[in-house]
Amino acid sequence: GAGVSQSPSNKVTEKGKDVELRCDPISGHTALYWYRQSLGQGLEFLIYFQGNSAPDKSGLPSDRFSAERTGGSVSTLTIQRTQQEDSAVYLCASSLALGTSGGAFLDTQYFGPGTRLTVL
Amino acid sequence: TQLLEQSPQFLSIQEGENLTVYCNSSSVFSSLQWYRQEPGEGPVLLVTVVTGGEVKKLKRLTFQFGDARKDSSLHITAAQTGDTGLYLCAGLRSNDYKLSFGAGTTVTVRA
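Below you can see the structure in the form of structure tokens.
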């Protein structure tokens, strides 16, 4: 498997339950991003990890959302006490690194197929 | 509030026709990217434009970055059914590594 994989592909849960979404990045990629895509909206940045640096959590919408990346590879996005407005497709992307300093160039991000989360 | 506004939201055309999708902002970006996303899949990067006024061509697709680096357009010549998909623009601001995405344009090319 050369691409980014995510599991589960679909998750239906009841309001108030916790969910965990998993992302397996491309081997050797040091940067990993999580995005949320709601119907009719573009992708909303949630968090990124780069190597051993502290993650940029500035996009997490509330303290119910958290993410970790173990051993610089697999990442898990956890949503506690899910709400109906959390329903969306959650996309993970990985890249070789972040890009050049100054942000003029981003290393190409390769996206997984996403996890569709439905909160009833 | 979207930092990048895409128009139109939906576009349906006949095979062989041309189309243009616009991406506008009041913010300046150091670079701008265009992605295509198909149902059930993640977005795939088509192009990155960096210099104001830059034009890049990818077969029948032409991408332009505005002179002021606040807007961009994607033009498809002689559209094919395989061009059907959601087209997303995404901008990167200086000293940042977070992309800001537009809401997307859903393009349908009818046979």
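Protein chains in written order, with our numbering: chain A, 13 to 132; chain B, 4 to 114.
Cβ atoms here follow ideal geometry from the backbone N, Cα and C, with glycine treated the same way.
Every value quoted in this text rests on a predicted model; they were computed, and no experiment measured them.
Where residue i sits in the DSSP three-state scheme
i, result
"E125(B)", "This structure leaves residue 125(B) out entirely; chain B is present only between 4 and 114."
"D36(A)", "strand"
"D119(A)", "coil"
Beta-carbon contacts of residue i that lie in its chain and below 6 Å, excluding the five residues immediately before and after
i, result
"T90(A)", "E32, S78"
"F123(A)", "L103, A105"
"A114(B)", "E18, T84"
"E8(B)", "N27"
"S10(B)", "Y25"
Beta-carbon neighbours of residue i, restricted to chain B and to distances below 7 Å
i, result
"T120(A)", "L48"
"G84(A)", "Within 7 Å Cβ-Cβ: nothing; G84(A) doesn't reach chain B, min ~17 Å."
Chain B contact residues for residue i, given Cβ-Cβ distances below 9 Å
i, result
"A105(A)", "G45, P46"
Cross-chain neighbours of residue i in chain A, by beta carbon under 7 Å
i, result
"G107(B)", "G54"
Partner residues on chain B for residue i, Cβ-Cβ distance less than 8 Å
i, result
"P125(A)", "G43, E44, G45"
"L108(A)", "Chain B residues near L108(A): none, gap ~13 Å exceeds 8 Å."
Own chain residues within Cβ distance below 8 Å of residue i, not counting five before or after
i, result
"L132(A)", "V24, T25, E26, K27, Q96"
Listed by chain order, chain A residues near residue i by CB distance under 9 Å
i, result
"S10(B)", "Correct list: empty, because the minimum Cβ distance to chain A is about 13 Å."
Contacts around residue i, its chain only, beta-carbon distance under 7 Å, and the 5 residues preceding and following it disregarded
i, result
"S103(B)", "L6, L7, A93, G94"
TODO: Pair every Cβ in the stretch 105-113 of chain B with every Cβ in the stretch 62-75 of chain A, then say whether three or more of these pairs are closer than 8 Å.
DONE: no
TODO: With 9 Å as the limit, tell me which residues of the stretch 45-71 of chain A have their beta carbon closer than that to any beta carbon of chain B; keep them in chain order.
DONE: Y45, Y47, Q49, G52, Q53, G54, L55, E56, F57, Y60, Q62, D68, S70, G71
Open item on the list: Count Cβ pairs between the stretch 118-131 of chain A and the stretch 96-107 of chain A that sit closer than 8 Å; are there 3 or more?
Closed with: yes
Open item on the list: Does the stretch 56-65 of chain A come into contact with the stretch 15-29 of chain A, if we say contact requires no fewer than three beta-carbon pairs (one atom in each stretch) closer than 8 Å?
Closed with: no
Open item on the list: Please identify, using Cβ separations under 9 Å, the residues of the stretch 78-108 of chain B that lie next to chain A, in order along the chain.
Closed with: L91, C92, A93, L95, R96, S97, N98, D99, Y100, K101, L102, S103, F104, G105, A106, G107
- [ ] Indicate whether the contact test is met: 3 or more Cβ pairs, each with one atom in the stretch 34-41 of chain B and one in the stretch 68-85 of chain B, closer than 8 Å.
- [x] yes
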